[in-house]
Amino acid sequence: MIFKNFLNIKKSKTVKKDFLRLLKDQPILFETLKPTYKYSYSKKIIKKYKKFSNLRIIGMGGSVLGSEAIYNFLKPKIKKKITFVSNLNSNADYFDNKNINLNLIISKSGNTLETIANANTLIDKKEKNIIVTDAKNSYLTNLASKLKAEIFEHKNYVGGRYSVLSEVGMLPAELMNLNERKFKQFNNLIKNKNFINNLVNNVSTTLSLIKSGKQTSIILNYDEQSENLFKWYQQLIAESLGKKSLGLLPVVSSMPKDNHSLMQLYLDGPNKYFYTFFNVLENRNIKIKNDGVLNTHKFLKNLSIEKIKQSQMIATEKVFISKKIPFRSFRILKRNEQSLGELFCFFILETILLGRALNVNPFDQPSVELIKIETKKILI
Ligand SMILES: O=P(O)(O)OC[C@H]1O[C@](O)(CO)[C@@H](O)[C@@H]1O
339 MIFKNFLNIK KSKTVKKDFL RLLKDQPILF ETLKPTYKYS YSKKIIKKYK KFSNLRIIGM
399 GGSVLGSEAI YNFLKPKIKK KITFVSNLNS NADYFDNKNI NLNLIISKSG NTLETIANAN
459 TLIDKKEKNI IVTDAKNSYL TNLASKLKAE IFEHKNYVGG RYSVLSEVGM LPAELMNLNE
519 RKFKQFNNLI KNKNFINNLV NNVSTTLSLI KSGKQTSIIL NYDEQSENLF KWYQQLIAES
579 LGKKSLGLLP VVSSMPKDNH SLMQLYLDGP NKYFYTFFNV LENRNIKIKN DGVLNTHKFL
639 KNLSIEKIKQ SQMIATEKVF ISKKIPFRSF RILKRNEQSL GELFCFFILE TILLGRALNV
699 NPFDQPSVEL IKIETKKILI
């Protein structure tokens, strides 16, 4: 991964101290980031489920965004068909898919309304089921016994949006036949001085941008297969930091598509945003067909789609520099488990450090309960 930090870096000794304190006094959820983490299942138990080729994963928010990010980012490597059911949509194509052979239903609380509704609409008697949930009595623990489903514990000390490297993301990864171990980059990263400096300076600069009134973080994403990674990131940032009238609004822009839609605003609109450029450089090599190129556009000959896209990203970075628009950039060299593991780790640490500096608890989400309570009042 190549990470280019903001141009005008603000260095903060407090953030560095916070980082060292965080390493010394690690939250227990950090166990999930390490290769030594003890899953609630054994590799032997899950082996029999690896033969299933057509899976459905049902969950909401942090229970599913991580596995959806993994699936889409690494799709070229994955031979299975996985259907994600992560919203309420009566018109979705998945209602017509009758070939599912294994369901994975994931919910920490076991009581999330959308997950219950989707599970009870979609699951068919002929399908096998695995349920990942907290051990306590809940709708899903009861459903598991009714369905005679395999049940694996969702450790109660791991919050949904921080759970991607626990059972929640790694069981799906195993079932996708990916290498779970390679996602676990925490131990390597915290020994890497470059990584630590980048992380600390990135957090310090983000804090000073927030202080100067820039509370919208726009991701200029040049890799369509990373859209779900940034959906995961959105929840992480929004639920962790959006409290006490503070927080960041993460917006994901599809690039270069949004050159033709939002770019004008980014360049000349309100001076209230900061940006993250993101691209993955390992892709199929699809080239322009030379014999069809008109003489006026000879420069296109031999070019690949990726070369054109990457040139647009570099060009846009140049324009941002000339306009003094703050941004950082990620260029991911390899599309593999390791790169994705590094990104998960970077963003998790970044969020926790921002939470500490802003003096908000990055691990709770008190207000989302309000919607659940009001909805129940309407339905009962
Ligand atoms: O895993 P559960 O309990 O179904 O919750 C799903 C999601 O719902 C939330 O509680 C928000 O409503 C998230 O924090 C969580 O990731």
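In this text, residue positions in the sequence shown follow our numbering: the first is 339, and each later residue adds one. In this text, a Cβ means the ideal position worked out from N, Cα and C, and glycines have one as well. Note that this is a predicted model, so its numbers are computed, not measured.
If you draw a straight line from the Cα of N456 to the Cα of N494, it is about 23 Å long. Only exposed fits D702, as fewer than 16 other CB atoms lie within 10 angstroms of its CB. Judged by their CB atoms, A487 and N467 are nearer to each other than the 8 Å cut-off. By the C-beta density criterion, L717 is exposed, having fewer than 16 other C-beta atoms within 10 angstroms.
Inclusion of L478 and G448 in the CB contact set at 8 Å is warranted, their separation being smaller than that value.
Per the C-alpha coordinates, the member of L358, R359, I461 and S350 positioned closest to I396 is I461. The beta carbon of G397 sits closer than 7 Å to at least one heavy atom of ligand 1. Where P588 is concerned, the enclosing beta strand (DSSP E) starts and stops at L587 to S592. Not one heavy atom of ligand 1 lies closer than 7 Å to the C-beta of S391. At the C-beta level, A511 and I408 come within 8 Å of one another. For Y477, the enclosing alpha helix (DSSP H) has its first and last residue at Y477 to L485.
Remark: fewer than three beta-carbon pairs, one from each stretch, lie closer than 8 Å, so the region 524-533 and the region 345-352 are not flagged as touching.
Across the structure, K372 and G551 are spaced so that their CA atoms are roughly 36 Å apart. Beyond the five residues adjoining it in sequence on each side, L361 comes within less than 8 Å, by CB distance, of I528 in the same chain, given in chain order.
For R669, the enclosing beta strand (DSSP E) begins and ends at F665 to I670.
Measuring C-alpha to C-alpha distances from N435 to each of L603, F615 and V423 identifies V423 as the nearest. In the DSSP annotation of this structure, the continuous segment of the beta strand (DSSP E) that includes S555 starts and ends at T554 to N559. Within the model, the alpha-carbon separation for Q572 versus E680 is close to 17 Å.
For the region 593-620, the continuous beta strand (DSSP E) assignments of 3+ residues that do not extend past its boundaries occur at 611-618, in sequence order.
The three-state secondary structure of L345, taken from DSSP, is coil. The Cβ atoms of I556 and Y613 lie closer than 8 Å to each other. With fewer than 16 other Cβ atoms from the protein chains shown falling within 10 Å of its own Cβ, G607 counts as exposed. Residues I626 and V631 of the same chain have their beta carbon placed closer than 7 Å to that of L638, with the five preceding and five following residues left out of the count. F357 and K582 have their C-alpha atoms some 23 Å from each other. Inclusion of N439 and N566 in the CB contact set at 8 Å is not warranted, their separation being larger than that value.
Counting along the chain, I420 sits inside no alpha helix (DSSP H); it lies in the beta strand (DSSP E) bounded by residues K419 to V423. DSSP places T352 within a helical segment (H, G or I) once states are collapsed to three.
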